[in-house]
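Enquirer: Residue numbers (full-length UniProt numbering): 1 to 181.
Before anything else, here's the structure in question.
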């Protein structure tokens, strides 16, 4: 199961949707469930799992959340970027998770008919993100491409590179400004 616990923690809520009652075929019963996955840091100690899950500027994590309507939380040792701050926060209320190994919590508060399917969808996406196979790593290529786009350094594959690697080479045929020297 790639580290995912098979049992869900569940909290029933008798609150109906804010629109009042049922919507379509939904019974209106909203349920909150939490699923946990342990990240295999012991097996791959040098792999940057947190960076992999977050993606460029947190966009990979945001995309998982938007696609599944679930909340994804990175918890445990190594979940805070600054080790000194993590050490300072350890043991304080709300930071008890820092005493546990690195893991992901997936939370959903959705109608009872769809919550399990959404949690399973989030699980599948996260398992793909955590996969170690570098040879066919689609997600890493996509993340690097997205980062290049965000930084304005993306070069399209169809663009031809000229023989000159000089930053002063001008393929438009324009003259460079003359400098003294």
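In this text, a Cβ means the ideal position worked out from N, Cα and C, and glycines have one as well.
This structure is a prediction, so every number in the text was calculated from the model and none was measured.
Thinking C-alpha only, which one of 99, 101, 66 and 147 is nearest residue 122?
Expert: Measuring from the Cα of residue 122, the nearest candidate turns out to be 66.
Enquirer: Starting from residue 40, trace the alpha helix (DSSP H) both ways and give me its first and last residue.
Expert: Element bounds for residue 40: n/a, residue is neither H nor E.
Enquirer: Using a 10 Å radius around the Cβ and a threshold of 16 neighbouring Cβ atoms, would you call residue 75 buried or exposed?
Expert: Burial call: buried.
Enquirer: Quick one: using the 10 Å Cβ neighbour count with 16 as the cut-off for buried, is residue 87 buried or exposed?
Expert: Classification of residue 87: exposed, given that the 10 Å Cβ count is below 16.
Enquirer: How about the segment 29-41 and the segment 107-116: do they share at least three Cβ pairs that are nearer than 8 Å?
Expert: Touching, yes, given that three or more Cβ pairs across the two stretches are closer than 8 Å.
Enquirer: Between 145, 113 and 151, which lies nearest to residue 28 when the distance is taken from Cα to Cα?
Expert: Cα-wise, what sits closest to residue 28 is 113.
Enquirer: With DSSP collapsed to three states, give me the class of residue 33.
Expert: In this structure, residue 33 counts as strand in the three-state DSSP scheme.
Enquirer: Excluding the 5 residues preceding and the 5 following residue 49 in the sequence, name in chain order all residues of the same chain whose CB lies nearer than 7 Å to its CB.
Expert: These residues qualify, in order along the chain: 39, 41, 102 and 130.
Enquirer: Output yes or no for whether 8 Å exceeds the beta carbon distance between residue 44 and residue 132.
Expert: Yes.
Enquirer: With DSSP as the reference, please indicate the residues paired to residue 112 in a beta bridge.
Expert: According to DSSP, residue 112 bridges with nothing at all.
Enquirer: On the criterion of 16 or more Cβ atoms from any shown chain inside 10 Å, does residue 91 qualify as buried, or is it exposed?
Expert: With fewer than 16 other Cβ atoms within 10 Å, it is exposed.
Enquirer: Can you tell which of 95, 145, 89 and 125 has its C-alpha closest to the C-alpha of residue 68?
Expert: Minimum Cα distance to residue 68 is reached at 125.
Enquirer: Just the Cα atoms here: how many angstroms apart are residue 99 and residue 115?
Expert: Computed Cα separation, rounded: 29 Å.
Enquirer: Pull up the DSSP beta-bridge partners for residue 71, would you.
Expert: DSSP output for residue 71 lists 107 as bridge partner(s).
Enquirer: Return the first residue and the last residue of the alpha helix (DSSP H) that residue 151 is part of.
Expert: Looking at the DSSP string, the run of the alpha helix (DSSP H) that includes residue 151 is 138-151.
Enquirer: Put residue 22 into one of helix, strand or coil per three-state DSSP.
Expert: Here the model assigns residue 22 a pLDDT of 40, short of 50, so the residue's position is not dependable, and the following value carries that caveat. In the structure shown, residue 22 sits in coil (DSSP, three-state: anything other than H, G, I, E or B).
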